[in-house]
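> I'd like to ask some things about the structure below.
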Amino acid sequence: MFLDVISHDAKGKKHTFNKGDRVFTQSDVVDSLYVVLSGRVKLIRENIEGNSLVIHTAYAGESFAEASLFSSEYHCHCVADSVVELLKFDKSGILELLNQNPESMMMLIKELTGQIRDLRLLGEIKSIYSAKDRIMAFLSYEAQDGVFYYSYSLLDLAQKIGLAHETLYRNLTSLENEGKVSKQEGSITLS
Numbered sequence: 699m700f701l702d703v704i705s706h707d708a709k710g711k712k713h714t715f716n717k718g719d720r721v722f723t724q725s726d727v728v729d730s731l732y733v734v735l736s737g738r739v740k741l742i743r744e745n746i747e748g749n750s751l752v753i754h755t756a757y758a759g760e761s762f763a764e765a766s767l768f769s770s771e772y773h774c775h776c777v778a779d780s781v782v783e784l785l786k787f788d789k790s791g792i793l794e795l796l797n798q799n800p801e802s803m804m805m806l807i808k809e810l811t812g813q814i815r816d817l818r819l820l821g822e823i824k825s826i827y828s829a830k831d832r833i834m835a836f837l838s839y840e841a842q843d844g845v846f847y848y849s850y851s852l853l854d855l856a857q858k859i860g861l862a863h864e865t866l867y868r869n870l871t872s873l874e875n876e877g878k879v880s881k882q883e884g885s886i887t888l889s
C-alpha cells in the first residue's frame, strides 16, 4: 500500500489541529501530502456562487491531497472536522520518491484508481432513491464475508451515502427488525 511506502521511505512531520482549523486553503501553493493519524478532515470546495461543498472526508489511516500532488495550487480547503493529528509529507520528497521508485509510483496509481472506482460506485449508490435500498447497496458493496466493519460514526456513514442521519438510523432499525441486518458496535452484519 502506498501509505505504508511513504510512511517508511519519506519523512513526515506530525501536526495537530483543533476542530475548525484550516489545514490549507483553496488556491494555496501545494507543498504537502497528508495522512490522518487520528480524527478526520473535510475537503471543501467553494463553487463560483460562493457555496461550500464537502467533496471528501478523510478518516484515520487515509491520505489526502493526492489530487493536488501534480498541481501548483490546492483545489479545495481542508478543515479539521474534529481534533485531528496529521502526518505531513513534503511534496518534493514524495515526487522524488515516485521518480526514484517505479514500484511506489505503481502503488500510488493503484490506490488512486481504486479511489476513482469507489467514488463512481458511491455516486451510483447515492442515486438510489429508496433509503433502505441505498443502505443495502452500500453495505453489500463494503461488506467482507457479509460483515461491514466501520471505525467512524453512523452520522459519518449517513453523510457518506447522502442521507440525513435520522433517515439512516430509522432505516437501519427497520432493516434490523425485518431480519436483513444486525448491528453491533463497529459492525453491521448482512443476514
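Here the sequence shown is numbered in the numbering used here, starting from 699 and rising by one per residue.
From the three backbone atoms N, C-alpha and C, an ideal C-beta is built for every residue, glycine too.
1) Using the Cβ count rule (16 or more neighbours within 10 Å means buried), how would you classify residue 832?
2) Among 857, 859, 860 and 844, which residue has its Cα nearest to the Cα of residue 881?
3) CB-CB under 8 Å to residue 767, same chain, minus the five flanking residues each way: which ones, in chain order?
4) Judging by CA-CA distance, which residue of 816, 862, 709 and 801 is the nearest neighbour of residue 828?
5) Buried or exposed for residue 877, going by 16 or more other Cβ atoms inside 10 Å?
6) Tell whether a beta-carbon distance below 9 Å holds between residue 741 and residue 762.
7) Can you name the start and end residues of the alpha helix (DSSP H) that residue 746 belongs to?
8) Residues in its own chain within less than 8 Å of residue 830 by CB, not counting five upstream and five downstream?
9) Can you tell me the Cα-Cα spacing of residue 835 and residue 823, whole angstroms?
10) Report yes if the CB atom of residue 806 is closer than 9 Å to the CB atom of residue 710, and no otherwise.
11) For the segment 740-821, which segments carrying the beta strand (DSSP E) assignment without a break, of at least 3 residues, lie completely within its bounds, in sequence order?
12) Judging by CA-CA distance, which residue of 746, 734, 812 and 802 is the nearest neighbour of residue 776?
13) Can residue 809 and residue 744 be called in contact, C-beta distance under 9 Å?
14) Taking the straight line between their C-alpha atoms, what separation do you get for residue 817 and residue 754?
15) At what residues does the alpha helix (DSSP H) containing residue 865 begin and finish?
16) Span of the alpha helix (DSSP H) holding residue 687?
17) Is DSSP giving residue 838 helix, strand or coil here?
18) Grouping DSSP H, G and I as helix and E and B as strand, with all else coil, what is residue 724?
19) Would you mind giving the Cβ-Cβ distance between residue 716 and residue 778, rounded to the nearest angstrom? I have them listed as a contact below 8 Å.
20) Using a 10 Å radius around the Cβ and a threshold of 16 neighbouring Cβ atoms, would you call residue 853 buried or exposed?
Looking at the coordinates:
1) So residue 832 ends up on the buried side.
2) Residue 844 holds the alpha-carbon nearest to the alpha-carbon of residue 881 among 857, 859, 860 and 844.
3) Closer than 8 Å at the Cβ level, and outside the excluded window around residue 767, lie 728, 731, 789, 792 and 793.
4) For the residues 816, 862, 709 and 801, the minimum Cα distance to residue 828 belongs to 862.
5) That one is exposed.
6) It is a contact, given that the beta carbons lie within the stated cut-off.
7) No alpha helix (DSSP H) holds residue 746; DSSP gives it neither H nor E.
8) Counting only Cβ-Cβ distances below 8 Å, and skipping sequence neighbours, we find 869, 872 and 873.
9) Cα-Cα distance, rounded: 7 Å.
10) Not closer than 9 Å, so no.
11) Here the runs fully enclosed are 750-757, 775-778 and 782-788.
12) With distances taken between Cα atoms, residue 776 lies closest to 734.
13) No, Cβ-Cβ distance for residue 809 and residue 744 is not below 9 Å.
14) The alpha-carbon atoms of residue 817 and residue 754 are separated by roughly 10 Å.
15) Per DSSP, residue 865 belongs to the alpha helix (DSSP H) from 863-875.
16) The question about residue 687 has no answer, for the chain in this structure spans 699 to 889.
17) DSSP places residue 838 in helix when its eight states are reduced to three.
18) In the three-state reduction of the DSSP assignment, residue 724 falls in the coil class.
19) Yes, residue 716 and residue 778 are in contact; Cβ-Cβ is about 6 Å, under 8 Å.
20) When all chains shown are included, residue 853 counts as exposed.
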